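Per our numbering, the very first residue in the sequence shown carries number 18; after that it's consecutive.
Structure, as structure tokens:
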Amino acid sequence: MVRKVALGTNSHFDMTSGLRLQIGGEVFPGVELRGSITDENSPIPLEGATQNIQEIDKMYLELRSKSVFGVLGDFIYDEKKTVFGKVQKNVQGGQVKFNGFIQDFSGEISVTLAMSKGKSLSNEFNGTDGSQGPYYLAPKNKRIGGIIIGSEKIFVNNQLKIRGEASDYVIDYQLGEIYFKPKTVISSQSKIYIECQYYEQSYQKTFLGVGGKAAFRDSLVGVDLSYSVEIDNEHASRDFVLSDNTKELLSKVEKAFIDTSSFVGNNKGQYVAKINANGIKYFEYVGIGKGNSNPSFYFVGSNTGNYRRIAVGLYEYVGEMKGDYRLGREILAPQEAHIAALKISANPLSYFRISLEGGLSLLNKNKFMVNNGLVRRLG
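Here it is in structure tokens:
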């Protein structure tokens, strides 16, 4: 059992507790059970306040015997029997493997069904004179769907920095941007190194993996095969809902910008809609739990938008072509990727081995498009 006490801004007091449990032992003759369960509440300073979020439970249970292996929970899917079918992913779900022997034959088959989790990302760059941010956590031209909350490690000149309004930096997890506070002065001589976990897109991903291998007479002849598919679930996005109009738009293009300023209820949002003297509707920040909308904003470039950012998560309307952000967010079309590989090998002599391998990958870059966006690769 773990307990922590944290003091936040505005005299905010938090006490968190957690559970860390490891188990292991023989549950039946020849059957071993192992597992680990971690359930923690972590105080995350966000937008100038201490906010409690519930970390995703980290849990796995393994069951092992001579012929069966099973795992349930958080684990790494690692398929590397073939060159073309190599896949390694952090997933949450289940996997089962069976192996056996029949006379001169041996074999193994595995099935995995899970949800893909975040990927690891590292990036290193120099700061800019006179700029405390924003700095994009991902490398240039790399598109991400958001940073996993609390996963980042930020180093400046090899010194680990602390998140928080009163500390070294603040971060926008949705946009993947970081601002350094005056306590950490950034210049062109500042070497910034970032490690974090990120979502590739804003959709939940379903993953299916099937693998198998067979051998004859101690690998005199062997066959290895693997197949995996990863599918974006357009019905289970992380933080938005696709309307029918947006789906129709995405059936023609691979990305679209959608309005995220819908009404969420009185005293449940951070912004309220207003009309200025020119009859233009805009949104004004009024505080957490004091508004009725939670709009999103996306960066469009210097003096090409109509909002400016004055703090992480806080935007102000400044007029057309006077800001750097616009109302809404970029949405990518859901994708679907398949990878299949087959390897045949023979070892007729102890000093001689021959193998033949082939692979096929299919990428549907837009599930809403009909007969379009499909990329095939044969190896």
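Using N, Cα and C, we set each Cβ at its ideal position, and we do this for glycine too.
On a predicted model such as this, the values are computed, not experimentally measured, just so you know.
Mapping DSSP to helix, strand and coil, what is P60? Reliability of the predicted coordinates at P60 is poor, the pLDDT of 39 falling under 50, and no value is obtained from them.
If you scan the region 242–322 from start to end, which runs of the beta strand (DSSP E) of 3 or more residues do you find wholly inside it? Restricting attention to beta strand (DSSP E) runs no shorter than 3 residues, the region 242–322 encloses them at 272–275, 288–292, 298–302, 314–316, ordered along the chain.
Can you check whether the CB of N323 is closer than 8 Å to the CB of R343? Contact check for R343 against N323 passes: the beta carbons are separated by less than 8 Å.
Euclidean distance between Cα positions of K178 and C213: 13 Å
Do the CB positions of D95 and M76 come within less than 8 Å of each other? no
Same chain, Cβ closer than 8 Å to I348, five either side skipped, listed in chain order: S219, F257, L259, T263, L267, K272, A273, F274, I275
Euclidean distance between Cα positions of Y299 and K222: 35 Å
Grab the span of the beta strand (DSSP E) containing K230 for me, first residue to last. Counting along the chain, the unbroken beta strand (DSSP E) around K230 starts and ends at 220–233.
If we ignore side chains and look at the alpha-carbon of each, how far apart do V48 and S127 end up? 18 Å
With distances taken Cα to Cα, identify the nearest neighbour of S53 among G229, L89, V44. L89
For Y89, name the three-state secondary structure that DSSP assigns. A small fix is needed here, since residue 89 is Leu in this sequence, not Tyr. L89 falls in the strand class under three-state DSSP.
Supposed close pair V108, K134 - CB separation, criterion 8 Å: 6 Å
Would you kindly work out how many angstroms separate the C-alpha atoms of F385 and Q149, rounded to a whole number? 40 Å
Is the CB-CB distance between P156 and Y196 below 8 Å? no
Along the chain, which unbroken stretches of the beta strand (DSSP E) at least 3 residues long are found entirely within the region 120–181? 122–133, 136–143, 170–173
Applying the criterion that 16 or more other CB atoms from any shown protein chain within 10 Å of the CB defines a buried residue, is V44 buried or exposed? Per the 10 Å Cβ criterion, exposed.
For the 8 Å Cβ check, are there 3 or more pairs between the region 279–289 and the region 247–255? Under the 8 Å Cβ criterion, the region 279–289 does not count as touching the region 247–255, having fewer than three qualifying pairs.
Indicate the three-state DSSP secondary structure (helix, strand or coil) for F45 in the structure shown. strand
Express the C-alpha separation of V317 and H29 in angstroms, rounding to a whole number. Legend: pLDDT at H29 = 40, less than 50; position of this residue unreliable, value from coordinates given subsequently. Roughly 36 Å between the two C-alpha positions.
Could you pull the DSSP bridge partners for F197 from this structure? Y186
Hey, G226 and T129: beta-carbon distance below 8 Å or not? yes
Between N143, L366, Q120, N293, which has its C-alpha nearest Y210's C-alpha? N143
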